[in-house]
Each structure stands twice: as C-alpha cells, then as structure tokens.
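Protein chains in written order, with our numbering: chain A, 230 to 479; chain B, -10 to 214; chain C, 22 to 246.
Below is one structure, written out as structure tokens; comments come after it.
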Amino acid sequence: MRGDLSHHLEIKGACASYGRIQVLKGVDLTLGKGEVVALIGPSGSGKSTVLRMVMGLTLSTAGEIRLDGEAVNYRNPASLRRLRDRIAVVFQQYNLFQNMDVMRNVTIAPLKIKRRPRDQVVADAKRVLAKVGLADKLAAYPDELSGGQQQRVAIARALCLNPEILLLDEVTSALDPELVNEVLDTIRGLAAEGMTMLIVSHEMAFVREVATRVILMDDGQMVEAGTPQDIFDKPQTQRARDFVGKILRH
Amino acid sequence: MNYTFQWGVALQHLPGLLEGAKLTFIIGFLTFWGASLLGLVMAALKTYGGRIARRIVGAYVIFFTNTPALVQIWFLYFGLPDVGIVWDKFTCMLIGLTLNSGAYLTEIIRAGFISVRRNEIEAAETLGFSRIQQVWYVIVPHIAKTIYPALANFFIVILVMGTSIGSVIGVQELTSQAKDLATVDYRYLEVFTIAAAIYVVLTFVASITLALVGRWAFRVKAKIF
Amino acid sequence: MLERLADEIPRFFSWSNMLLLGEAMAITLAMTLVGCVLGFLFAFIIAFTRQVPGILTLPFRTAAILFVEVFRRIPFLVVLFLVLFFIQAVAQGTSLFTVAVVSICIYSTAYIADIIRGGFESVARQQIEAAQAMNFSRWQILKSIIVPQSWPVVLPPAVAFMVGFIKDTSLVSQIGVFELTFRGRELNNMGFSGILVFGTIAFLYFAISYPLARWGQWLEKRLAR
Ligand SMILES: Nc1ncnc2c1ncn2[C@@H]1O[C@H](COP(=O)(O)OP(=O)(O)OP(=O)(O)O)[C@@H](O)[C@H]1O
Ligand SMILES: [Mg+2]
Chain A
230 MRGDLSHHLE
240 IKGACASYGR
250 IQVLKGVDLT
260 LGKGEVVALI
270 GPSGSGKSTV
280 LRMVMGLTLS
290 TAGEIRLDGE
300 AVNYRNPASL
310 RRLRDRIAVV
320 FQQYNLFQNM
330 DVMRNVTIAP
340 LKIKRRPRDQ
350 VVADAKRVLA
360 KVGLADKLAA
370 YPDELSGGQQ
380 QRVAIARALC
390 LNPEILLLDE
400 VTSALDPELV
410 NEVLDTIRGL
420 AAEGMTMLIV
430 SHEMAFVREV
440 ATRVILMDDG
450 QMVEAGTPQD
460 IFDKPQTQRA
470 RDFVGKILRH
Chain B
-10 MNYTFQWGVA
0 LQHLPGLLEG
10 AKLTFIIGFL
20 TFWGASLLGL
30 VMAALKTYGG
40 RIARRIVGAY
50 VIFFTNTPAL
60 VQIWFLYFGL
70 PDVGIVWDKF
80 TCMLIGLTLN
90 SGAYLTEIIR
100 AGFISVRRNE
110 IEAAETLGFS
120 RIQQVWYVIV
130 PHIAKTIYPA
140 LANFFIVILV
150 MGTSIGSVIG
160 VQELTSQAKD
170 LATVDYRYLE
180 VFTIAAAIYV
190 VLTFVASITL
200 ALVGRWAFRV
210 KAKIF
Chain C
22 MLERLADEIP
32 RFFSWSNMLL
42 LGEAMAITLA
52 MTLVGCVLGF
62 LFAFIIAFTR
72 QVPGILTLPF
82 RTAAILFVEV
92 FRRIPFLVVL
102 FLVLFFIQAV
112 AQGTSLFTVA
122 VVSICIYSTA
132 YIADIIRGGF
142 ESVARQQIEA
152 AQAMNFSRWQ
162 ILKSIIVPQS
172 WPVVLPPAVA
182 FMVGFIKDTS
192 LVSQIGVFEL
202 TFRGRELNNM
212 GFSGILVFGT
222 IAFLYFAISY
232 PLARWGQWLE
242 KRLAR
C-alpha cells in the first residue's frame, strides 16, 4: 500500500521568524509518497508556521525544503509556482474568498489558474462538494455558512486542485462531532487512495488510525517523532509524556 | 521645451514668499481656532439642543458644506456692502473661512459627542465624580482622543486649501505673494515651484508636530504620512 | 435695498443670463467629472504600483509615494497655476479648459490614490495568502480578490471626494475658465448686486452638490451591509 518511501517532501533544519521572534528553531520532517504524517503539539508551538513555510507564505531563514529530492528555491517565482501547483493547503481559519460563492471558491483556481476545461471542473466540484455534504450550498457565500461548513468548502477547494500533497491544518477543530466523522471519513478515504498528507490534528483516535507517523512539536522544535503507537503508548521524553497525558485526559 | 529655468532670479523672492508663508500660518491658525469654537458650539447645539436649534444647525452645516468657500467669501466681500456692511478683505476672508470650516468641524466634533457612551458616564457617577468632574475627567478626554486625528487632519486642510483662497481677494498670503512676485520678472514656474515647496515643508512640519502632540497628550497614534 | 433687488431681478434672470449660467454649470460639472474619472484611473495605477514589491519597482514606488505626499500638501490653486505656466511653456495654445482638467486630474489622483491604498490595505492578509497558495498571479489577486473586496471601502470616500471637489473647482475661475464662479464674478462686475449674484451662484452649486452628496451617503449605506 504505502510502499514507496522515497521522500516526497523533506524539511531539513528549517527556521522561521515573525519579525524578530524566532518561531521555528530547526524543524526536520520527511513525508514519503502516500504517507500521512500527523503534526501535534501545544498551541503556539509552530505547527501552522511549518505549513505556511512549506507553501512559501512565510520564508524560512535557515535550512531547506526539498520536493522529490530537489531543493525548492522560494525566491524563484517559477520554482515556487511548481511547488504550489503540486501542494494544496487547508488553512486553520479556512480563508475562503469572501467575495465568491461556494462554487466559485472551489472552481476559480482549476479554471483560471490550471486552465482545465469548464465542464470537467464543474462536474468535479459538484462531486467533491457532494462528498463533503454541501451539495445544497453551491450558491451560498462564506458569511452565510457555519464554521464547519466553511471548513468543508475549504477542503473541497483544496481537493479540486488535484494536489499530490495535501496539508491540513486542524480541519476538524470547528466541527461538531457528527461532522467530524464526515470530514475524517473524507480524509480516511484520501489516505486509502494513497494521497500524501501532512495533517495538524488533535483527534487522537483518528491520528492513531490514519497516520503513519506522528511528530510532536514544542516551542518551534521537534520533540519526538515515531509511529502513533510509539508516541502515544510509550513516549520517550518527559515533554512528550506531559503532552500526551494532557490530550488523552480530555 | 524651450523654457530655461532660472532659479537664481526666483530665489531672490524667497524672503517675500516666506513672509507670505507666515501670514498663511497665521490665517490657518486663527481660522482653525475660530472654526473649532464655532464647531464646538454648533455640535453641542445639534447633539443636546432643542428641535429648532438642531434644525438651524443642520441647515447651517448642509448649506456651508455644499457651496464653495470662495463663493461664500465673495458673498461677504461683494454682497454685504449692498446692505451697508463693509468689511475689509482680511475680515471677509477670515469670517468666510471660519464659517465654512466651522460647518465641517461641527460634524467632526459631533462624531466625538456621539461616541461618548452612557456606561462610561455611569461608571464615573458611581465613582462619586461630580458633574463637572465627570465632564472634565471622563467626557472631555474621551472626545479629545476620538476626534484628535480628524481635527489634526483638518488643520492641514485649512492650512493648504483654506488659506490659499485669500489670494483670490488679495490677502497677501503665500499664494498671493507668489502670484505678485512671479510677475516681477516673469519667472512664474520657478516662483510657484518654490511656493509649492514651502507649502509642503509647512504642512509636513505641522503634520509631524500634531502627530507628536497627539501621541504625547492623547496617546493617539496619528499617522504622519 | 429691496427696491434695488426688485428692479434687478427681472433683468438678472433674463434668458441670456440663465443660458450663460446653465452653460457655466455644465462646464463646472464636465471638468470635475473628466478630471476625477481620469484621476481615479491614475490613482488606481499608483495604488497598484505601491503594492508590487521588489528592487525593480522601487523607483516607481518612490515616485508614486512622493507624488501622493507632495500633491496632497499643495493648495489646488497653486497646482492650477503650476500646470498653467508649465503648459504655457511647453505647449502654447492649449485651452484653459484642458489646463483645468489636467490640474483636477493631478489633484484627484493624489487624493484618490490614498483612498484606494487604504481600501487595498483593508483586505485581510489571509485572503491574499490563500490565493497565493493557489498560484494566483499578482494581477489575478488584484482582479479577483482585492478589487472586489475593497471597492465597498473605496467607493464611498472616493465619491465623497469627487462631490466635494465640485466646490473646489470654483478656484478654476482664477485662470479664466468660464465656469460657474467666473460667470458670477462677471455678472457682479456688470453691476448686478453681489447678494443676488453670489446668492444665486451659491444656490446653483448647492443644487449640484447636495443631491450628489445625498446619493453618496445612500451609496455608503448600501455598500455597508
Ligand atoms: N503573523 C504573526 N506575527 C507574529 N507572530 C506570529 C504570527 N503568527 C504566529 N505567530 C506566533 O508564532 C508562534 C507559532 O504560531 P503557529 O500559528 O505556528 O502555532 P500553532 O502551533 O499553529 O498554534 P495553534 O495550535 O494555536 O494553531 C506563536 O507563538 C504565535 O504567537
Ligand atoms: Mg495553528
């Protein structure tokens, strides 16, 4: 299944800062083809920043990021464009375009950026939106949707880009339990199809089930990495024991 | 372009232009304080006054903000003598500008009045402040802080737009001086460029001063640019 | 006084005078409209230029900022004279109407550019980042995200500026464009009472400005929802 372990995405010693404050202090992470890596850690530990850095929204100050073994030059527009063409992200705050309805949000990039044929894009969008349970909201605007609905539109928008790698930032945080399962089902399905994913999530049961590896971050650094069993059942460091203890308790 | 700039000739007029700049600043200063006082009274009437007072102030604001300051000044200068009121140019300009700016300032200050919240006053009451103390310690600082950026901005508007109107009826402020001095040796472009530069420097210094004062006195982050 | 007015009124409101004033109103409106619409266009280009990062565009960015900062600090009257003398130096025989339109255009460009910049900055950073992450080009982001999201913020103050500027164009009378204020001065020189003439002129400005200002307020409410 997840046989191909050639490193698809590789982050080596990456550092990043907002202004003068350094928030990532050397992050190493590999993501093999078809792997699902879960990034966990306390609030403010820099998980979202890792994803932003991969997408080139926050520039790293040190270290490098490789895609299929080739270092990405984030200052080179062509190189950045190639990367963004293959990786899609779902933001923690969804970031749906406020001036577009659901259908437009989902189809604009495939139509205008990827220049795919219109009927194919529309059919795709309808199928994916139906999959996330929003077939009846095609004409709604983001401010008319609940947080959970917006989150699902954001997932649909990312999926319609047909990415090779999907970055998901706490995609279930705004959902009620019923919907959590729907969304998790969607992600499960993607994992089964062999989609490479880097997910930030605190859903322990889910992480345990779909993640091939778990990485625990704290204060901009990796604390521990391993299989879900390693991290959750026999954490090695004190920091990991504390954190796992906390999330398991609630 | 076969126009040769002769800055040397034009620069000889610098003292005259600076003299004009001084008057420009004085006019701006007088107008601003006169108009602020007028605006304060009008805003108070419009916010707390009776029905008739509110109507009258409303009409004043609507009329003066929808007609040109220039026409208002000419009305005073060329119109009032018909009914026996003769004011000199300087007075006409000052009164005209004050009435005009006062209308805009009424709106600005009124926005400050409206922004005072009931619960802030109540909080002051429960703390045992007297009526006057309430006004002085709670209401005035609040209003000042709210309207300071708009007031500071309007001072610049008066300094630039307002005062230059003086030249139209021959008050010897900066624009007027430029007009006169340019004709001395026909260096129109140079003299007006220097005048423009003086305006830029003058308003820039005023902007920075006002921003610093605002920061120091009201903790307002007024933007300089 | 009343007798004089009673005597003058029929002569003043003659057909030819009314035609004259009607034409003058049209000129006032036309030059404001043409100047401001062109100004809006240039302002948009300037605001966009200020957004593009990189060393290559640094000179353009600096020029754009300087243009806006300088012209907002010079009286319209001075800009008018500068344009007049400059155009006379490079292209004699240009009509005064053109001079007026160019001046209005320069001035409104500077003001509206600042309004548009404020609108652009009001768009949430995350919206732009989401688009960037999907490979939108700078132009596409402008077209599909920034402009649609910022025009409700830009339009009301831009319209307010343009409507307000109708009154400031009265200064164009100073270079001899046959607009409303100029004709008023002319009629006054012909011997008509200042009160009658400038009262009428003020009313005509009011008739243009007030409905447009109300429309602007309505627009603001409409867009705010
Ligand atoms: N735009 C920003 N400017 C300055 N500091 C920021 C900015 N965004 C994030 N930070 C800081 O960077 C650190 C890491 O933030 P990040 O959003 O990556 O954390 P996180 O692990 O995703 O947290 P959460 O679980 O709450 O989403 C935090 O301390 C945060 O305060
Ligand atoms: Mg986060």
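Even glycine gets a Cβ: it sits at the ideal position worked out from N, Cα and C.
Problem - Contained beta strand (DSSP E) runs [length at least 3] in the segment 246 to 273 of chain A, N- to C-terminal order - result: 250 to 261, 265 to 269
Exercise for the section: Note down, in chain order, all residues in the segment 317 to 350 of chain A with a beta-carbon under 7 Å from any beta-carbon belonging to chain C. Expected result: 318, 320, 322, 324, 326, 327, 328, 337, 338, 341, 342
Problem - Residues near ligand 1, criterion Cβ-heavy atom distance below 5 Å - result: Every residue with a CB closer than 5 Å to a heavy atom of ligand 1 is listed here in chain order: A/247, A/252, A/272, A/273, A/274, A/275, A/276, A/277, A/278.
Practice task
Flag residue 372 of chain A as yes when its Cβ comes closer than 7 Å to any non-hydrogen atom of ligand 2, and as no otherwise.
Solution key: Walking along the first sequence from the start, residue 372 of chain A turns up at place 143. Not under cutoff, so the answer is no.
Exercise for the section: Please confirm if residue 367 of chain A has its CB atom under 8 Å from at least one CB of chain C. Expected result: Position 138 of the first sequence, counting from 1, holds the residue named residue 367 of chain A. Not one chain C Cβ lies under 8 Å of residue 367 of chain A.
Practice task
Can you pull the chain A residues whose beta carbon is under 9 Å from the beta carbon of residue 150 of chain C, in chain order?
Solution key: Here residue 150 of chain C refers to the residue found at position 129 when the third sequence is read from its first residue. Under the 9 Å cutoff, chain A gives 281, 284, 286, 320, 324.
Exercise for the section: Could you tell me if the beta carbon of residue 399 of chain A falls within a distance shorter than 7 Å of some heavy atom in ligand 2? Expected result: Residue 399 of chain A sits at position 170 when you count from the first residue of the first sequence. Yes, the Cβ of residue 399 of chain A comes within 7 Å of a heavy atom of ligand 2.
Problem - Own chain, CB closer than 8 Å to residue 292 of chain A, minus 5 neighbours either side, in chain order - result: Locating residue 292 of chain A in the first sequence gives position 63, where the first residue counts as 1. Excluding residues within five positions, the ones whose Cβ falls inside 8 Å are 240, 241, 242, 243, 244, 255, 256.
Exercise for the section: Check the Cβ-Cβ distances between residue 145 of chain C and every residue of chain B, and say whether any is below 8 Å. Expected result: Looking up residue 145 of chain C in the third sequence gives position 124. By this cut-off, residue 145 of chain C is not an interface position.
Handout entry: Sufficient close CB pairs (3 or more, under 8 Å) joining the segment 170 to 182 of chain C to the segment 210 to 224 of chain C
Key = Inter-segment contact for the segment 170 to 182 of chain C and the segment 210 to 224 of chain C is absent: fewer than three beta-carbon pairs are separated by less than 8 Å.
Exercise for the section: Just tell me which of A/358, A/442, A/372 has its CA closest to the CA of residue 385 of chain A. Expected result: Taking the first sequence and counting its residues from 1, one reaches residue 385 of chain A at position 156. Ranking the options by Cα distance to residue 385 of chain A, first place goes to A/358.
Practice task
Report whether the distance from the Cβ of residue 511 of chain A to the nearest heavy atom of ligand 2 is below 7 Å.
Solution key: What is shown of chain A runs 230 to 479, which leaves residue 511 of chain A out entirely.
Practice task
Just the chain C side, please: which residues come within less than 7 Å of residue 358 of chain A by C-beta, in chain order?
Solution key: Along the first sequence, one-based indexing puts residue 358 of chain A at 129. Result: empty, since nearest Cβ-Cβ is about 17 Å, beyond 7 Å.
Exercise for the section: Mark residue 223 of chain C as exposed unless 16 or more other C-beta atoms lie within 10 angstroms of its C-beta, in which case mark it buried. Expected result: In the third sequence, residue 223 of chain C corresponds to position 202, counting from 1. Flag for residue 223 of chain C reads buried.
Problem - CB contact flag (residue 202 of chain C, residue 57 of chain B, <8 Å) - result: The residue labelled residue 202 of chain C in the question sits at position 181 within the third sequence. The residue labelled residue 57 of chain B in the question sits at position 68 within the second sequence. Yes. Within cutoff.
Handout entry: Euclidean distance between Cα positions of residue 49 of chain C and residue 82 of chain B
Key = Locating residue 49 of chain C in the third sequence gives position 28, where the first residue counts as 1. Locating residue 82 of chain B in the second sequence gives position 93, where the first residue counts as 1. Between residue 49 of chain C and residue 82 of chain B, the C-alpha separation is close to 23 Å.
Practice task
Taking C-beta pairs closer than 7 Å, name the residues in chain C that residue 314 of chain A reaches, listed in chain order.
Solution key: Here residue 314 of chain A refers to the residue found at position 85 of the first sequence. Near residue 314 of chain A (Cβ distances below 7 Å), the residues of chain C are 156.
Practice task
Would you list the residues sitting across from residue 451 of chain A in a DSSP beta bridge?
Solution key: As a working mapping, residue 451 of chain A is identified with position 222 in the first sequence. Answer is A/446, bridged to residue 451 of chain A.
Practice task
Put residue 426 of chain A into one of helix, strand or coil per three-state DSSP.
Solution key: Counting from one through the first sequence, the residue named residue 426 of chain A turns up at place 197. Strand.
Practice task
Taking residue 319 of chain A as part of the beta strand (DSSP E), name the residues at either end of that continuous run.
Solution key: Residue 319 of chain A sits at position 90 when you count from the first residue of the first sequence. Its beta strand (DSSP E) spans residues 316 to 319.
Problem - Span of the beta strand (DSSP E), counted from its first residue to its last, around residue 291 of chain A - result: Translated into positions along the first sequence, residue 291 of chain A becomes position 62. Element bounds for residue 291 of chain A: 291 to 296.
Practice task
Could you pull out every residue in the same chain whose Cβ sits closer than 7 Å to the Cβ of residue 452 of chain A, ignoring the five residues on either side in sequence?
Solution key: Numbered from its first residue, the first sequence carries residue 452 of chain A at position 223. So the list reads 445, 446, 466, 468, 469, once near-sequence residues are dropped.
Exercise for the section: Would you verify that the beta carbon of residue 126 of chain B is, or is not, closer than 8 Å to some beta carbon of chain C? Expected result: Position 137 of the second sequence, counting from 1, holds the residue named residue 126 of chain B. Chain C, which has no Cβ nearer than 8 Å to the Cβ of residue 126 of chain B, makes this no.
Practice task
Anything in the segment 377 to 403 of chain A with a Cβ closer than 7 Å to a Cβ of chain C? List those residues in chain order, please.
Solution key: 390
Practice task
Measure the alpha-carbon distance for residue 286 of chain A versus residue 192 of chain B and round it to whole angstroms.
Solution key: Translated into the one-based positions of the first sequence, residue 286 of chain A becomes position 57. Translated into the one-based positions of the second sequence, residue 192 of chain B becomes position 203. Looking at the two C-alpha atoms, the distance is approximately 39 Å.
Exercise for the section: In angstroms with no decimal places, state the Cα-to-Cα distance between residue 54 of chain C and residue 298 of chain A. Expected result: If you number the third sequence from 1, residue 54 of chain C lands on position 33. If you number the first sequence from 1, residue 298 of chain A lands on position 69. Approximately 59 Å, taken between the alpha carbons.
Handout entry: Three or more C-beta pairs below 8 Å linking the segment 180 to 196 of chain B and the segment 140 to 153 of chain B
Key = yes
Problem - Closer than 8 Å to chain B by CB, residue 191 of chain C - result: In the third sequence, the residue the question calls residue 191 of chain C occupies position 170. With 8 Å as the cut-off, residue 191 of chain C counts as an interface residue toward chain B.
Exercise for the section: List the DSSP bridge partners of residue 243 of chain A. Expected result: Counting from one through the first sequence, the residue named residue 243 of chain A turns up at place 14. A/256, per the DSSP bridge assignment.
Handout entry: Other residues of its chain near residue 233 of chain A: CB distance less than 8 Å, five sequence neighbours each side excluded
Key = Here residue 233 of chain A refers to the residue found at position 4 of the first sequence. Low confidence applies to residue 233 of chain A: its pLDDT is 46, below 50, so where it sits in the model is not reliable enough to give any reading.
Practice task
Kindly say whether residue 4 of chain C, judged by its beta-carbon, lies nearer than 8 Å to any beta-carbon of chain A.
Solution key: No statement about residue 4 of chain C is possible, as the shown extent of chain C runs from 22 to 246 and does not include it.
Problem - With 16 other Cβ atoms within 10 Å as the buried cut-off, status of residue 230 of chain A - result: By 1-based counting over the first sequence, the position of residue 230 of chain A is 1. In this prediction, residue 230 of chain A scores a pLDDT of 38, lower than 50, which makes its location untrustworthy; the coordinate-derived value is nonetheless stated afterwards. The residue is exposed, with fewer than 16 neighbouring Cβ atoms inside 10 Å.
Handout entry: Check whether residue 46 of chain C and residue 190 of chain C have beta carbons under 8 Å apart
Key = Indexing the third sequence from 1 puts residue 46 of chain C at position 25. Indexing the third sequence from 1 puts residue 190 of chain C at position 169. Cβ atoms of residue 46 of chain C and residue 190 of chain C: not closer than 8 Å.
Problem - Cross-strand partners of residue 434 of chain A (DSSP beta bridge) - result: Translated into positions along the first sequence, residue 434 of chain A becomes position 205. DSSP output for residue 434 of chain A lists no bridge partner at all.
Handout entry: Check whether residue 161 of chain B and residue 12 of chain B have beta carbons under 8 Å apart
Key = On the second sequence, residue 161 of chain B is found 172 positions in, with the first residue counted as 1. On the second sequence, residue 12 of chain B is found 23 positions in, with the first residue counted as 1. Result yes, Cβ atoms of residue 161 of chain B and residue 12 of chain B sit closer than 8 Å.
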